[in-house]
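Below you'll find the structure, written out as structure tokens, and then a few comments.
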Amino acid sequence: MPKKERIQKRKEKERQETAKSTSLNAWLKPSTSSNTQERTDNSNVESVTPEKAVEISQATLERQGEALEAHLTQSRKMIRKSLSVWKRKRPQEGKRGHIKIASLKYPTDPANQAFDLKCNVSYVKMCVVRGPCQPILRFPKNTEGRSFQKMWYENKPWLEYSPEKDSMYCFSCRLFLNEQKYSNKSAWRVAGVNNWKRGLDKCKNMQTQRPI
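Here it is in structure tokens:
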């Protein structure tokens with residue numbers, strides 16, 4: 001073999017060995033880096049002592065407690081705000097419970113029943129002592145020129161007239177009648193009766209059909 005050819009083959013072999021060495025180094029480098037990172041991570045894990053873990057847990061609980069307290073505080077504010085709005089907007093009738101009914105011109109007026117006083121023992125006693133509301137006055141006329149008549153009171157101690165509602169009521173019914181059992185008498189208990197054209201007939205019917 002000529003000398004020149006031998007030199008070329010030797011150089012080619014050296015290049016191949018150099019290429020293999022470079023590839024091996026490139027493959028080993030990432031593996032080494034990964035091992036280094038793993039050792040670092042393990043070192044960090046091992047550095048968390050039991051005391052440190054307790055501190056972390058306490059800090060977490062404190063943050064959760066602060067968040068819960070903030071939520072409760074916000075809820076209390078919303079409840080107070082809702083109550084304030086309710087007190088401002090509740091029906092005017094609710095305030096009538098604070099009025100001294102006895103000081104009114106017609107304290108036993110059935111219209112006062114709208115103020116949820118039926119279950120008020122003092123109010124019921126007052127009505128029983130004073131008796132039914134039977135005022136004598138100029139009774140207003142309706143569009144047909146008819147009105148309540150004072151003669152209808154005669155022999156009807158149960159009959160009442162409400163000046164405020166311009167309607168007739170049953171005294172004993174509105175105070176003592178079982179509302180569920182006698183729901184058909186709701187007009188005489190709550191709404192009132194003011195059909196003056198048939199007013200006397202209605203009084204006579206109620207006189208005979210009155211449950212109590």
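Under the UniProt record's numbering, the letters of the sequence shown match residues 1 to 212, in that order.
All C-beta atoms in this analysis are idealised placements derived from N, C-alpha and C, irrespective of residue type, glycine included.
For E164, three-class secondary structure by DSSP: Within the sequence shown, numbered from 1, the residue matching residue 164 stands at position 164. Here E164 sits in coil by DSSP.
Proximity winner among R174, N194 and N195, relative to S186 (alpha-carbon distances): Residue 186 sits at position 186 when you count from the first residue of the sequence shown. Residue R174 is the option with its Cα nearest to S186.
Neighbour-count burial assignment, Q113, 16 or more Cβ in a 10 Å radius: Stepping through the sequence shown from its first residue, residue 113 is reached at position 113. So Q113 counts as buried.
Residues near P91 in its chain [Cβ-Cβ closer than 8 angstroms; skip 5 each side]: Here residue 91 refers to the residue found at position 91 when the sequence shown is read from its first residue. In this predicted model, P91 has a pLDDT of only 46, less than 50, meaning its place in the structure is not dependable; the value taken from the coordinates is given anyway. Excluding sequence positions up to five before and after P91, its CB lies less than 8 angstroms from no other CB in the same chain.
Identity of the residues DSSP links to L159 by a beta bridge: Here residue 159 is taken as the residue at index 159 of the sequence shown, counted from 1. Bridge partners of L159: C170.
Closest Cα partner of K105 within the set Q64, P135 and Q149: On the sequence shown, residue 105 is found 105 positions in, with the first residue counted as 1. Of the candidates Q64, P135 and Q149, the one whose C-alpha sits nearest the C-alpha of K105 is P135.
For V193, the residue or residues it bridges with in DSSP: Looking up residue 193 in the sequence shown gives position 193. V193 pairs with M168.
Whole-angstrom C-beta distance between E160 and P110, which should lie under 8 angstroms: On the sequence shown, residue 110 is found 110 positions in, with the first residue counted as 1. On the sequence shown, residue 160 is found 160 positions in, with the first residue counted as 1. At roughly 6 angstroms, the Cβ-Cβ gap stays under 8 angstroms, so P110 and E160 are in contact.
Element boundaries [alpha helix (DSSP H), containing C133]: Translated into the one-based positions of the sequence shown, residue 133 becomes position 133. From DSSP, C133 is part of no alpha helix (DSSP H); its letter is neither H nor E.
Length of the line joining the Cα atoms of A59 and R80: Within the sequence shown, numbered from 1, the residue matching residue 59 stands at position 59. Within the sequence shown, numbered from 1, the residue matching residue 80 stands at position 80. So the alpha carbons of these two residues sit roughly 32 angstroms apart.
Extent of the continuous alpha helix (DSSP H) to which T208 belongs: Start at 1 with the first residue of the sequence shown, and residue 208 comes out as number 208. Membership of T208 in the alpha helix (DSSP H) is indicated by the continuous run G199 to Q209.
Proximity of D166 and N195 at Cβ, strictly below 8 angstroms: The residue you call residue 166 lines up with position 166 of the sequence shown. The residue you call residue 195 lines up with position 195 of the sequence shown. Against a cut-off of 8 angstroms, the Cβ pair of N195 and D166 comes out as no contact.
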